[in-house]
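For reference, the structure discussed in these notes is given below.
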Amino acid sequence: MAMSAREILNLIDWLRAQGFDNDKIVECIEAIEGRKEEKEE
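Residues 0 to 40 (numbering that gives the first Met the number 0) make up the sequence shown, in order.
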């Protein structure tokens, strides 16, 4: 299942409202996509 562009924008807005900075937002989205695990290996 993929997220739509609208869902990603809503997620970014919500994360910013929670106090996330841009780097943490990117890290979060990468983790959701599964890219974070690849980077750590």
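Even for Gly, the Cβ is constructed at its ideal location relative to N, Cα and C.
(message) Checking 8 angstroms against the spacing of the C-beta atoms, do I11 and I31 come in under that value?
(response) no
Among I28, D22, G18, the one whose alpha carbon lies nearest that of E6: I28
Does DSSP classify D20 as helix, strand or coil? coil
**Item:** Whole-angstrom distance between E26 and R15, CA atom to CA atom
**Value:** 13 angstroms
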